[in-house]
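Colleague: Take this structure, written in structure tokens, and hold onto it; I'll ask about it next.
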Amino acid sequence: MNRLIITLVLFFATQTYAQNDLDSISFDTNQYQKIIDSINNSFTYQTGTVELKDGLATINVPKGFKFLDSKQSKYVLTDLWGNPPGETLGLLFPDNMTPMHDAFTYAVEIEYAEEGYIDDEDAEDLDYDDLLEEMQADIISANPQRIEQGYPTMELIRWASAPYYDQENKKLHWAKELKFEDAEVNTLNYNIRVLGRKGYLNLNAIGDINMLETFNQDRDEIIQSVEFSPGNRYSDFNPDIDQVAAYGIGGLIAGKILAKAGFFALLLKFWKFIAIGAVALFSGFRKKLFGKKS
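Per mature numbering (1 follows the signal peptide of the UniProt record, and there is no 0), the sequence shown runs over residues -18 to -1, 1 to 276.
Here is the structure:
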């Protein structure tokens, strides 16, 4: 069971028994908010220049943002947002945002993939319209597997921002508009890749599609904030000893990150429903114990 659910169930159980009011099933919004505030206030954020993955790279946290380290970010992603366990270098939040904010806008997850040096020679020859069609078909074909795993179906609507490759700085970015089954608002998935000697940094920004304009205002600062350290940069590639990835820029855009990005997008948006579901779960538990009194 998700740790957030356990915490809330135990809290409401404790509150109920303390009040000796077993015939009443109520939702104390003030106490609920205290739990949410307590979780949000438990994190320690960083600003300034922060090393990533033992000096592999650095992030110079942009003004107006704050950085959550790897350990705390794993807790947020897995225990609070319900994502499958995985490795992350951290989360970047707007300064006024928290993991369980009522008016959540977006967060940026930072990862590292050591899959080899990515040859960028194909960047100028890519047809992004054709690539979009291929990705749309791939997502449709993967939906039966998503259903089997208990996830809703997903559809790639369009490029929210067409792919752009900065040849000089070896940075790539693009945005997708995704539609999840039964979701009222489409999801924005903004992808940033920073190419390095042995792999790439993956910055994945998730929010509602109406956050596109807001993110675009912050995008350039976020892209510029992350750099590989000397010795790990794209220009440090040594063909005699370094591995070359099996794909280029096109493969990076269309690649295997699709499935994970979809899960992250969905689960991030619905943390509040997970939390409120804990209250409903406890209510059902109490009905079994104490009968059907209202």
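Ideal Cβ positions, reconstructed from N, Cα and C, are used throughout, including at glycine. All values reported here derive from a predicted model rather than from experimental measurement.
#1: Using the beta-carbon count (16 or more within 10 Å), is residue 45 buried or exposed?
#2: Counting only runs that start and end within the region 81 to 160, where is the beta strand (DSSP E) found for 3 or more residues in a row?
#3: Could you spell out where the beta strand (DSSP E) holding residue 179 opens and where it closes?
#4: Return helix, strand or coil for residue 57, following the three-state DSSP convention.
#5: Could you compute how far the alpha carbon of residue 64 sits from the alpha carbon of residue 130?
#6: Do you know how far the Cα of residue 208 is from the Cα of residue 58?
#7: Grouping DSSP H, G and I as helix and E and B as strand, with all else coil, what is residue 227?
#8: Alpha carbon to alpha carbon, how far is residue 19 from residue 78?
#9: Keeping to the same chain, check which residues put their C-beta closer than 6 Å to that of residue 214; ignore five residues upstream and five downstream.
#10: How would you call residue 53, buried or exposed, if buried means at least 16 neighbouring beta carbons within 10 angstroms?
#11: So which of 159, 42, 132 has the shortest CA-CA distance to residue 145?
#12: Are three or more beta carbon pairs between the region 183 to 200 and the region 160 to 174 nearer than 8 Å?
#13: Check the C-beta distance from residue 228 over to residue 113 and give it rounded, since I have them as a contact under 8 Å.
#14: Report the residue from 157, 199, 42 whose alpha carbon sits nearest the alpha carbon of residue 206.
#15: Could you pull the start and end residues of the alpha helix (DSSP H) that residue 195 belongs to?
#16: Taking residue 164 as the reference, which of 135, 30, 97, 203 has the closest Cα?
#17: Between residue 149 and residue 116, what straight-line distance do the alpha-carbon atoms span, to the nearest angstrom?
#18: In whole angstroms, give me the CA-to-CA distance for residue 89 and residue 152.
#19: Could you name the residues of the same chain whose beta carbon sits closer than 7 Å to that of residue 32, not counting the 5 residues immediately before and after it, in chain order?
#20: Would you mind listing the alpha helix (DSSP H) stretches within the region 15 to 78 that are 4+ residues and don't spill past its ends, in chain order?
Modeller: Let me spell this out:
#1: exposed
#2: 88 to 95, 136 to 148
#3: Run containing residue 179: none; DSSP gives neither H nor E here.
#4: helix
#5: 18 Å
#6: 21 Å
#7: coil
#8: 14 Å
#9: 38, 178, 179
#10: exposed
#11: 159
#12: yes
#13: Not really, about 17 Å apart at Cβ, beyond 8 Å.
#14: 42
#15: 194 to 207
#16: 135
#17: 24 Å
#18: 23 Å
#19: 40, 41, 43, 49
#20: 52 to 56
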